[in-house]
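Visitor: Numbering (this note's numbering) for the sequence shown: 38 to 264. Cβ coordinates follow ideal geometry from the N, Cα and C atoms, glycine included. Note that the structure is predicted; figures quoted are calculated from it, not measured. The structure that follows is given in the form of structure tokens.
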Amino acid sequence: MSEKNTDPNPVIKFIILYIILALALFIPAGTIFWLQGGIYIIIMIVFSTSFIIYLKKKDPELLEARAKTKATESWDKKIGVIAGIFILAMYILPGFDAVRFHWSSIPLIINTIGFFGMILAIILFFLVTRENTYLSRVIEIQEERGHKVITTGPYKIVRHPMYLALIVLYPSHCLALGSFYALIPSLGVIITIIVQIHYEDKKLHEELEGYKEYATKTRYKLIPGIW
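Next up, the structure:
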């Protein structure tokens with residue numbers, strides 16, 4: 038597929054998503070003069086823009102797959118709704134907590150650690166994206182694209198490195214924005230990720246050729262030496 042044939046809808050969807058997330062951050066804060074919030078938005082805009090440009094050039098089919106949001110499995114739909122509620126809470130709470138009401142008192146060093154964690158997660162996200170062209174946001178076996186097991190890059194270490202990136206990203210997001218209270222819904226998201234991994238790994242074992250053999254060689258699903 039050439040770049041000129043790429044459906045523009047994925048780009049539009051990414052833009053709309055980040056407009057909504059920016060509003061979810063700054064409306065509860067009651068001000069646009071929020072240093073951590075501004076830095077956060079800049080990081081995410083730079084990342085998203087770089088991500089879109091990279092995929093439009095290197096893997097436009099993956100860009101379209103990442104924009105797909107209609108789950109086919111009932112458990113995937115349910116987990117997606119629950120995770121979405123938790124993620125929305127993670128964006129709404131910091132504005133109330135760190136800016137409007139000052140419930141949490143987080144020193145600058147913790148904010149810095151949070152931003153550092155975000156950047157690490159983004160780097161891992163890029164490494165995973167570079168290796169796995171089948172990285173859809175919904176759980177599906179992409180037979181029309183010749184879906185095969187990925188065993189290179191981060192996939193040599195754990196079977197679900199994208200979820201590892203998200204588990205690093207979400208708590209880091211809360212600390213970067215200065216909210217301990219936002220860690221509560223971030224824990225909820227992490228729990229949904231663990232449940233998602235259970236069902237996804239089961240589906241891949243049953244339906245993706247070669248995955249069972251891969252799982253015997255790469256034993257850990259998420260965290261090396263632990264799980």
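In chain order, what residues of the same chain lie with their CB nearer than 6 Å to the CB of GLN233, ignoring the 5 residues before and after it?
Guide: Here residue 233 refers to the residue found at position 196 of the sequence shown. ILE116.
Visitor: For PRO222, which residues in the same chain have their Cβ closer than 6 Å to its Cβ, ignoring the five residues on either side in sequence?
Guide: Working through the sequence shown from its first residue, we reach residue 222 at position 185. Counting only Cβ-Cβ distances below 6 Å, and skipping sequence neighbours, we find PHE123, ALA126 and MET127.
Visitor: Between the C-alpha atoms of ILE147 and LEU214, what's the straight-line distance to the nearest angstrom?
Guide: In the sequence shown, the residue the question calls residue 147 occupies position 110. In the sequence shown, the residue the question calls residue 214 occupies position 177. ILE147 and LEU214: Cα-Cα distance of roughly 10 Å.
Visitor: Which residue wins for smallest C-alpha separation from ILE231, given the options CYS211, MET199, PHE163 and GLU244?
Guide: Against the sequence shown, residue 231 aligns to sequence position 194. That would be MET199, whose Cα lies nearest to the Cα of ILE231.
Visitor: Can you give me the C-alpha to C-alpha distance between TYR161 and ALA202, rounded to a whole angstrom?
Guide: What you label residue 161 is simply residue 124 of the sequence shown in a count that begins at 1. What you label residue 202 is simply residue 165 of the sequence shown in a count that begins at 1. Sequence inspection shows Leu at residue 161; the Tyr mentioned does not correspond to that position. Their Cα atoms are separated by approximately 6 Å.
Visitor: Could you tell me the boundaries of the alpha helix (DSSP H) in which ASP96 lies?
Guide: Counted from its first residue, the sequence shown places residue 96 at position 59. Unbroken run through ASP96: none, as it is neither H nor E.
Visitor: Hey, quick one: how far does the alpha helix (DSSP H) through LYS114 stretch, first residue to last?
Guide: The residue labelled residue 114 in the question sits at position 77 within the sequence shown. Per DSSP, LYS114 belongs to the alpha helix (DSSP H) from 111-131.
Visitor: Which same chain residues end up closer than 6 Å to ALA102 when comparing Cβ atoms and leaving out the 5 residues on each side of it in sequence?
Guide: As a working mapping, residue 102 is identified with position 65 in the sequence shown. Closer than 6 Å at Cβ, skipping near neighbours: SER173.
Visitor: DSSP three-state call for GLU244: helix, strand or coil?
Guide: As a first step, residue 244 must be located in the sequence shown, where it is residue number 207. Helix, per DSSP.
Visitor: Under the assumption that LEU164 contacts PRO208 (Cβ atoms under 8 Å), give the Cβ distance between them as a whole number of angstroms.
Guide: On the sequence shown, position 127 is the one that residue 164 refers to. On the sequence shown, position 171 is the one that residue 208 refers to. Actually they do not touch by this definition, with Cβ atoms about 20 Å apart.
Visitor: Consult DSSP for THR43 and reduce its assignment to one of helix, strand or coil.
Guide: Locating residue 43 in the sequence shown gives position 6, counting from the first residue. The predicted model places THR43 with a pLDDT of 46, which falls under 50 and marks its position as unreliable, so this point remains unresolved.
Visitor: With H, G and I counted as helix, E and B as strand and the rest as coil, what does DSSP make of SER87?
Guide: Residue numbering aside, residue 87 sits at position 50 when the sequence shown is read from its first letter. Reduced to three states, the DSSP call for SER87 is helix.
Visitor: Where SER39 and PRO97 are concerned, what is the direct C-alpha to C-alpha distance, given to the nearest angstrom?
Guide: As a working note, residue 39 is residue 2 in the sequence shown. As a working note, residue 97 is residue 60 in the sequence shown. Because SER39 carries a pLDDT of 41, less than 50, the predicted location of this residue cannot be relied on, and the following value inherits that uncertainty. Roughly 8 Å separates the two Cα atoms.
Visitor: From LEU130 to ILE78, what distance separates their C-alpha atoms?
Guide: Working through the sequence shown from its first residue, we reach residue 130 at position 93. Working through the sequence shown from its first residue, we reach residue 78 at position 41. Roughly 16 Å separates the two Cα atoms.
Visitor: Output the distance between the C-alpha atoms of GLU250 and VAL226, rounded to the nearest integer angstrom.
Guide: Along the sequence shown, read from residue 1 onward, the residue named residue 250 stands at position 213. Along the sequence shown, read from residue 1 onward, the residue named residue 226 stands at position 189. Distance between the alpha carbons of GLU250 and VAL226 is about 30 Å.
Visitor: Going by the CB atoms, is the gap between GLU237 and ILE187 shorter than 8 Å?
Guide: Here the question's residue 187 lines up with position 150 in the sequence shown. Here the question's residue 237 lines up with position 200 in the sequence shown. Going by C-beta atoms, ILE187 is not nearer than 8 Å to GLU237.
Visitor: Between which two residues does the alpha helix (DSSP H) carrying SER209 extend?
Guide: Along the sequence shown, one-based indexing puts residue 209 at 172. Counting along the chain, the alpha helix (DSSP H) containing SER209 begins and ends at 198-213.
Visitor: Count the other CB atoms, across all protein chains shown, that sit within 10 Å of the CB of TRP71; report buried if there are 16 or more and exposed otherwise.
Guide: The count along the sequence shown starts at 1 and reaches residue 71 at position 34. Buried.
Visitor: Is GLY151 closer than 8 Å to LEU212 when the C-beta atoms are compared?
Guide: As a position in the sequence shown, residue 212 is number 175, starting the count at 1. As a position in the sequence shown, residue 151 is number 114, starting the count at 1. For LEU212 and GLY151, yes; Cβs fall inside 8 Å.
Visitor: By the three-class DSSP mapping on this structure, what secondary structure does GLN179 have?
Guide: Within the sequence shown, the letter at position 142 stands for residue 179. Note: GLN179 maps to coil in three-state DSSP.
Visitor: Quick check: what's the CA-CA separation for ARG196 versus GLU110?
Guide: Here the question's residue 196 lines up with position 159 in the sequence shown. Here the question's residue 110 lines up with position 73 in the sequence shown. When rounded, the distance between both Cα atoms is 20 Å.
Visitor: Once the 5 residues before and after ASN169 are set aside, which same chain residues still bring their CB inside 6 Å of it?
Guide: For the purposes of this step, residue 169 is identified with residue 132 of the sequence shown, where counting begins at 1. Same-chain partners within the cutoff: ILE187.
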